[in-house]
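From first to last, the protein sequence lines are chains A and B. Residue numbering for the first sequence follows full-length UniProt numbering, beginning at 1 and increasing consecutively. Residue numbering for the second sequence follows full-length UniProt numbering, beginning at 1 and increasing consecutively.
2 protein chains.
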Amino acid sequence: MVNETQHTCSASSSSKSDGGSSSGSESSKDSSRCSTPVLDADRHERLREKMRRRQDSGDKWFSLEFFPPRTANGAVNLISRFDRMGAGGPLFIDVTWHPAGDPGSDKETSSMIIANTAVNYCGLETILHMTCCNQTKDDITGHLQKAKRLGLKNIMALRGDPVGEEWEEEVDGFNYAVDLVKHIRNEFDDYFDICVAGYPKGHPEAESYEADLRHLKEKVFAGADFIITQLFFQSETFLKFVKDCQAIGITCPIIPGIFPIQGYHSLRQLVKLSKLEVPQEIKDVIEPIKDNDAAIRNYGVELAVSMCRELLDSGMVHGLHFYTLNREVATTEVLKRLGIWKEDPRRPLPWAVSAHPKRRVEDVRPIFWASRPKSYIYRTQEWDDFPNGRWGNSSSPAFGELKDYYLFYLKSKSPREELLKMWGEELTGEESVFEVFTCYITGEPNKNGHKVTCMPWNDDPLATETNLLKEQLEKVNRRGILTINSQPNINGKPSTDPIVGWGPSGGYVFQKAYLEFFTSSEIVTALLKVLKKYELRVNYHIVNVKGQNITNAPDLQPNAVTWGIFPGREIIQPTVVDPVSFLSWKDEAFALWIEQWAKLYEEESPSRMIIQYIHDNYYLVNLVDNDFPLENCLWQVVDDTFELLN
Amino acid sequence: MVNETQHTCSASSSSKSDGGSSSGSESSKDSSRCSTPVLDADRHERLREKMRRRQDSGDKWFSLEFFPPRTANGAVNLISRFDRMGAGGPLFIDVTWHPAGDPGSDKETSSMIIANTAVNYCGLETILHMTCCNQTKDDITGHLQKAKRLGLKNIMALRGDPVGEEWEEEVDGFNYAVDLVKHIRNEFDDYFDICVAGYPKGHPEAESYEADLRHLKEKVFAGADFIITQLFFQSETFLKFVKDCQAIGITCPIIPGIFPIQGYHSLRQLVKLSKLEVPQEIKDVIEPIKDNDAAIRNYGVELAVSMCRELLDSGMVHGLHFYTLNREVATTEVLKRLGIWKEDPRRPLPWAVSAHPKRRVEDVRPIFWASRPKSYIYRTQEWDDFPNGRWGNSSSPAFGELKDYYLFYLKSKSPREELLKMWGEELTGEESVFEVFTCYITGEPNKNGHKVTCMPWNDDPLATETNLLKEQLEKVNRRGILTINSQPNINGKPSTDPIVGWGPSGGYVFQKAYLEFFTSSEIVTALLKVLKKYELRVNYHIVNVKGQNITNAPDLQPNAVTWGIFPGREIIQPTVVDPVSFLSWKDEAFALWIEQWAKLYEEESPSRMIIQYIHDNYYLVNLVDNDFPLENCLWQVVDDTFELLN
């Protein structure tokens, strides 16, 4: 980022200088500056600014369209897909408005809630579609207010398909998308970025192509910021459309909608809905292979890649919008072949940020939720301000209670049967629990031959960084130190390091070694004796489910355990071990034993009682080795503890 | 600090936990936590708490009493004394109330302003004396309000000496110190810590020793927090007094007032004022040597040391209060011999903190004022909030204008004649200015044989840390890179390092190399060409007096150049290079050429015109080498610049 130099010269800068050196009589509120380091300009720009910046810099981008799922399970899967496809670096995603699915409701499958999840929990810039026909002004205003409240900042304003055979204009109603655009601008001023639809072949219901262009111009002049087009089959179609738009004075970005053909039936259905004609040369290829899904998909990918290349090469296209049909493979392949899928996206912070505008400044979190970021976001969603720069002396961080462990975006992706295979159909004692933890760490199959790919505290396989500690972790888990979170110490690795790096390039990242685990009270007793020897070096916090806790944190202050030093910036310290938040985390961490694991078994069953016993009697421990330039001493602490026990 | 472990167990801690995990519906203002790392508990405690903590921990302490000076010059000298004696680590100082000297006024010699300077500019915990007899309630309330506004938190409540021969009680007036104590508690509740005077031999005007003890008890029960005693000559006097106080129920701290005899005349005067009797054995020693000041002082030191030892050994004394008579030598020697003078006080931050309560949280400052901390405090005194944790994106830091360069606490300690000897009676060209800078760096005398011990930008000799860079600094100053501020890069030295260390022990401190200098536009032109090569590594900011400026700071963000990592704490980054504040600093830095240097010479004189030329035409440049783990590249930048010029 340091190469984005900013030269402020003479006139303009001396006016800045005046602002800076004005007299002390000014409101000194201005002098309270505990504000944001613009680590990642993306977090602070609105979508239309991001587009403009990409256009100026020549960075090509892509975006992805999804529709809301029908079932709660479908929602869980779609959200996993958001996470996976989000990793490729889309500029935004959009979620269609599904009038039949109660799109503005709080149902986990509604358009509104899916878009909310994408923004808040997956950190994706998101456009929510909204249609206006057959809806009252109040309904629409209500939807928009809700969208705003949820942190959505972009609306795709559409007319929508009229219900019923014959459609008649309603007086004073919303008959066209342009009415919705005007309404948004009237009621919400410039809050939303507005996108409208363009039809490269003209809207099927328009009197003519030219008339449709005029309608589009009306929508843009009513306040739309950019246009996404209906799908098309040939690049010339789009390029001609753009020229025709420009000829009548439409100057906003026009983004081509790309539809990689993924199957015979989906193509037919889409064509029917969109009333588009498939070119004869495509039909000629497809008809003979219509029962061969793989062949059609391969052809679809080829076709999309070559059309996208033509578009990008034209110099008139800066971004590509993909109609994914909620599928991953074809779109991802097209993007990879075009070279615009980001294989290793730079992480602005070590954790995935949320895209809610009020979280823009957030750059510090307790380490405890490292593997459950969505839970952290959920539990802090009511906060009005988010810590930045410092976590601070958290006098009372009001964490929301995690009442429903089955909130769909926190639900395990694996069904009960699979979890039982991983975590044991029948437990025979605490040791069988140790075994599960050990298998998760090693990646080796358990005694029934199943790999343990997730744990109640971690829905994903072991992080690459944790792999650095694999050998030691295996050893301690085998002996009943049941680790759920850890990080190695790092003494100044380049911020571009593929495993531990984050933040702008040219910087250095640091970590203090961290280890968090459940363990028995016998081990805790020995551990406490050992920790006396390490009093000046190791901070600890030890708590059981009842809240009995022991810590040596000075004044219950947070301990920064991850930080980065970057050119031309203040210091960023994105993770802390906060003794106060730890007591909120422990409620969640202990509850996961019961909610996710014990409840897999029958009540009163021995397996369930074993988990219940651990829940009731084990302690949750965290340890920080403050001496980050030296070799991590936490393994020695654990070894000393076992030695004392023997 | 990590050894002050805090074990929170069961009940008490689980109530904390409840606070921590309460539901998200609570006022989420609480979740805004950009607050203070308790780096130094002292900054957050009131005086009585500090005393209590010292008493609990067994740390012996001392305090120092001063009286306000008569002249402005005397004020400048007293403030230098505050800085020097403050370095020994007094728990507090106190400033007497001088009724004849308009003590509550804004004069630079008033008790109020001297106490204000001690708190705000010297960072000393300060008690302001206040007397009440012959004053109206409104006057007193006015003084107290002013004291509060200035950040004074402690009052020594005294009756004061009545004016005139015969004194009569005024009805409804303030006749005794107890009236003042009650008034303070009535009007200001618990805001002030209140100290009262105790008389180990009884107040000379009291009916009896016992009656005086009862008066003292009244003062304490009216709300006084601790007692400082009148001076005495034998430890038994004090120890008996403490026992007598305790016997009648006085339980607050009682601090012995120590008066090291420093001369025959000052002793006689004090004895006359206090109506105390000097013990015969002391008289016997002093009378024969009354004209030998050194002998009397030596004897006084001996006497004070042995009495203080007796007091400390009694176990009843935790702190010692010294009547300094505004002199340094005797008191300092007593303290050093007692071993309670802190030879190397740990610096909580790399710069001297202010003791104003509203600056308690302050832990970040721009590096520019490193050698002019009092000026920084003055220019930010109107701020209501002070940056902590982060400097932030300083949209408009409203620095007060430095209108009067002769504000007494910013005044140079050296008179004009001395400055002329150091900086040249007559300048012959820019080179003679280079020579002055070079002599300041090297410590070598100038061509007239005078050492240059201060500069307009720095009233003290070169800092130890700067000495690390001496050789390179000399080389560049000789060639017209006129350095006024610099620091070496540091890649993780222990926080206890005697030269660059600061903050709690067990930590590591870091720095980015920094160099700030004035130089000609020719050199700047070459420098800018050279800097292109270092674009990714070096941040620069270059500005002339007219405000033309060039920088590559990304988004005008501040760059942290000093930071520390400590056990169990968040990261502290006490100095930043902030491109916005730099524009306020440059006004001051350029003005110092004229105000402190040019004005030494006659108007229109060649010497004055040379300084004026530099002021009008030179640039102020700052450079940061972001790559702190590598060897400082700034010298290479300067070398490359000179090479380009040749």
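Backbone N, C-alpha and C define an ideal beta-carbon position, used for all residues, glycine too. On a predicted model such as this, the values are computed, not experimentally measured, just so you know.
Item	Value
Integer Cβ distance of residue 342 (chain A) from residue 88 (chain A), believed to fall under 8 Å	6 Å
Cα-Cα separation, residue 405 (chain B) to residue 589 (chain B)	12 Å
Under 7 Å from the C-beta of residue 576 (chain A): neighbouring residues of chain B	570
Collapsed DSSP secondary structure at residue 479 (chain B) in the structure displayed	coil
Contacting residues, own chain, Cβ-Cβ under 7 Å from residue 285 (chain B) (five flanking each side not counted)	299
Backbone secondary structure at residue 154 (chain A) - three-state DSSP	strand
Buried/exposed call for residue 235 (chain B), threshold 16 Cβ in 10 Å	buried
Reference residue 534 (chain B), options A:182, A:506 and A:558, closest by Cα	A:506
Chain-ordered neighbours of residue 513 (chain B) on chain A, where CB pairs are closer than 7 Å	What residue 513 (chain B) touches in chain A: nothing, since even the nearest Cβ is about 13 Å away.
Reduced DSSP secondary structure (H/G/I, E/B, other) of residue 316 (chain A)	coil
Closest residue to residue 332 (chain B) among B:131, B:43 and B:65 (Cα-Cα distance)	B:65
In DSSP terms, what residue 576 (chain A) is bridged to	A:366 and A:560
Endpoints, beta strand (DSSP E) assigned at residue 549 (chain B)	549 to 551
Cutoff 6 Å; reference residue 108 (chain B); Cβ partners in own chain excluding five residues on either side	72, 75 and 408
Chain A contact for residue 592 (chain B) (CB, 9 Å cutoff)	no
Contact under 9 Å by Cβ, residue 567 (chain B) with residue 627 (chain A)	yes
Proximity to residue 294 (chain B) [Cα-Cα], best of B:147, B:95, B:260 and B:379	B:260
Inter-residue CB distance, residue 641 (chain B) and residue 500 (chain B) (contact presumed, cutoff 8 Å)	Incorrect: roughly 27 Å between the Cβ atoms, too far for contact.
Any C-beta of chain B under 9 Å from that of residue 390 (chain A)	yes
Rounded Cβ spacing between residue 434 (chain B) and residue 485 (chain B) (contact assumed at less than 8 Å)	Actually they do not touch by this definition, with Cβ atoms about 17 Å apart.
Contained beta strand (DSSP E) runs [length at least 3] in the region 182 to 233 of chain B, N- to C-terminal order	193 to 198 and 226 to 231
Contact list for the region 523 to 542 of chain B against chain A, Cβ threshold 8 Å	535, 536, 537 and 539
Three CB pairs or more closer than 8 Å across the region 368 to 383 of chain B and the region 519 to 527 of chain B	no
Residues within the region 483 to 507 of chain A neighbouring chain B, beta-carbon criterion of under 9 Å	491, 492, 504, 505, 506 and 507
Pairwise C-alpha distance: residue 86 (chain B) and residue 452 (chain B)	25 Å
Beta strand (DSSP E) segment containing residue 112 (chain A), residue limits	Where residue 112 (chain A) is concerned, there is no enclosing beta strand (DSSP E), although the alpha helix (DSSP H) it sits in stretches over 111 to 120.
Residue 368 (chain B) at chain A interface by Cβ criterion, 9 Å	no
Residue 468 (chain A) and residue 494 (chain A) closer than 9 Å at C-beta	no
Against chain B: residues of the region 544 to 560 of chain A by CB proximity under 9 Å	546, 547, 548, 549, 550, 551, 552, 553, 554, 555, 556, 557, 558, 559 and 560
Test: residue 627 (chain B) CB closer than 9 Å to a CB of chain A	yes
Cβ shell of residue 91 (chain A) (< 8 Å), same chain only, five flanking positions each side left out	47, 50, 51, 54, 61, 62, 63, 125 and 319
Short Cβ contact (9 Å threshold) for residue 482 (chain B) with residue 519 (chain B)	yes
Beta carbon proximity, residue 642 (chain A) to chain B, threshold 9 Å	no
Residue 617 (chain A) - DSSP class collapsed to helix/strand/coil	helix
8 Å contact criterion, which residue 591 (chain B) and residue 611 (chain B) should meet: CB distance rounded	About 12 Å; that fails the 8 Å criterion.
Cβ contact (3+ pairs, closer than 8 Å) linking the region 603 to 621 of chain A and the region 434 to 443 of chain A	no
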